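J.:
Protein chains in written order, with the numbering used here: chain A, 12 to 125; chain B, 19 to 130.
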C-alpha cells in the first residue's frame, strides 16, 4: 500500500492561467474523490469517480473545473482561467466500493494564484 | 442538507490532560461518522469511525461514541501526548451518498 499520491505538491500561477493536478489512487481502489480545502475550513466535496465514470459533481465545481479518470486509474483535475478564489488545497482520496469503506487521502496540492 | 459542527479551537492542553473535542451533526437518514486527523505537513488520516448508533470507534487511545439521541460524536482521550498535536476533523457520510461532509476542524496543541 503506497498510499494516494498527488502531484505537484505546490503550484503557483498567475490569474487567468490554466492548471492541472494529478492524483494516483491506491492501486486496488476503484473509487476516487476530489475535495477542496480553504484555510481554516474543512474539506469540501467536489466530485467522485467509480472506475472511469464520474458519478457525482458538487455545485462548487464550476464550468472552469473539469475532472477526468480516463482509464479508471489516475485522475486529473483541471482549472481553466484561474481566479484568486481558486487558491486552496486540493485533496484527492480513494476507497474500495464496498459499504463503509474509509476514504484514504493524499497529501494534497496547494494552489496559489498570484 | 447535511452538516457537521465542531468545537472551535484552538485547544491547548498540557501533556497527560484529558481531551474532549465536541462534534454534533445534522443529517437526514443514518450517517456513518468519522474523525480524521491532519498532522503538520501531512494529509488527512482516518483516526476512527462508527457506522451505527451506540457504536464506539477507537484508535491510538482516542474514542468516540455515536449518540443518535444527541446527534453527537465527541472525541475523547484520557491522557494526551505532545505527538497528538494536530488538526482534528469530524465528518459524516450519509447512507447512499459517497461524499464526506466535514466540520471546520479543531487545532490541538499539547505542551510538555
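Glycine residues also receive a C-beta, built at the ideal position from the N, C-alpha and C atoms. Only a predicted model underlies this, so the values are computations on that prediction, with no experimental measurement involved.
Residues in the stretch 102-128 of chain B with C-beta within 7 Å of chain A's C-beta atoms, listed in sequence order?
T.: Listed in sequence order: 107, 116, 117, 118, 120, 121, 122 and 123.
J.: In chain B, which residues lie with their C-beta within 9 Å of the C-beta of residue 112 of chain A?
T.: Within 9 Å Cβ-Cβ: nothing; residue 112 of chain A doesn't reach chain B, min ~10 Å.
J.: For the 8 Å Cβ check, are there 3 or more pairs between the stretch 79-98 of chain B and the stretch 23-35 of chain A?
T.: In short, these stretches do not touch, since the Cβ pair count stays below three.
J.: Let me know the beta strand (DSSP E) ranges lying completely inside the stretch 68-100 of chain B, each 3 residues or longer, listed in chain order.
T.: Complete beta strand (DSSP E) runs here, min 3: 74-77, 80-83 and 93-95.
J.: Looking at the structure shown, is residue 91 of chain A part of a helix, part of a strand, or coil, going by DSSP?
T.: DSSP places residue 91 of chain A in coil when its eight states are reduced to three.
J.: Do three or more CB pairs link the stretch 39-52 of chain A to the stretch 93-103 of chain A at distances below 8 Å?
T.: The answer is yes - the stretch 93-103 of chain A touches the stretch 39-52 of chain A, with three or more Cβ pairs under 8 Å.
J.: Can you check whether the C-beta of residue 19 of chain A is within less than 8 Å of a C-beta belonging to chain D?
T.: Among the chains of the structure shown, chain D does not appear; the protein chains present are A and B.
J.: For a contact defined as C-beta to C-beta under 8 Å, what are the partners of residue 42 of chain A on chain B?
T.: Here the neighbours are 116.
J.: According to DSSP, is residue 118 of chain A helix, strand or coil?
T.: Here residue 118 of chain A sits in coil by DSSP.
J.: Is there at least one Cβ from chain B nearer than 8 Å to residue 54 of chain A's Cβ?
T.: At least one chain B Cβ lies under 8 Å of residue 54 of chain A.
J.: What are the boundary residues of the beta strand (DSSP E) that residue 101 of chain A is part of?
T.: Here the beta strand (DSSP E) through residue 101 of chain A covers 99-106.
J.: In the DSSP output, what is residue 37 of chain B paired with across the bridge?
T.: Beta-bridge pairing links residue 37 of chain B to B:95.
J.: Using the Cβ count rule (16 or more neighbours within 10 Å means buried), how would you classify residue 21 of chain A?
T.: Burial call: exposed.
J.: Which same chain residues end up closer than 6 Å to residue 118 of chain B when comparing Cβ atoms and leaving out the 5 residues on each side of it in sequence?
T.: Here the set comprises 109 and 111.
J.: Looking at the structure shown, is residue 35 of chain A part of a helix, part of a strand, or coil, going by DSSP?
T.: Strand.
J.: At a cut of 8 Å, does the stretch 66-75 of chain A reach the stretch 19-29 of chain B through at least three beta carbon pairs?
T.: The answer is no - the stretch 19-29 of chain B does not touch the stretch 66-75 of chain A, with fewer than three Cβ pairs under 8 Å.
J.: Compare the C-alpha of residue 97 of chain A against each of A:15, A:80, A:31 and A:13 and name the closest.
T.: Nearest of A:15, A:80, A:31 and A:13 to residue 97 of chain A, Cα basis: A:31.
J.: In whole angstroms, what separates the C-alpha of residue 68 of chain A from that of residue 33 of chain A?
T.: One C-alpha to the other measures close to 18 Å.
J.: Please check the pair residue 116 of chain A and residue 15 of chain A, which I expect to be a contact at CB under 8 Å, by giving their CB distance rounded to whole angstroms.
T.: Going by Cβ atoms, the distance from residue 116 of chain A to residue 15 of chain A rounds to 6 Å, so yes, they are a contact pair.
J.: Does the Cβ of residue 124 of chain A have 16 or more other Cβ atoms within 10 Å, making it buried, or fewer, making it exposed?
T.: Buried: at least 16 other Cβ atoms inside 10 Å.
J.: What is the C-beta distance between residue 100 of chain B and residue 130 of chain B, in whole angstroms, given that I count them as a contact (C-beta under 8 Å)?
T.: Going by Cβ atoms, the distance from residue 100 of chain B to residue 130 of chain B rounds to 6 Å, so yes, they are a contact pair.
J.: For residue 59 of chain A, would you say it is in contact with chain B, using Cβ-to-Cβ distances shorter than 8 Å as the test?
T.: Chain B, which has a Cβ nearer than 8 Å to the Cβ of residue 59 of chain A, makes this yes.
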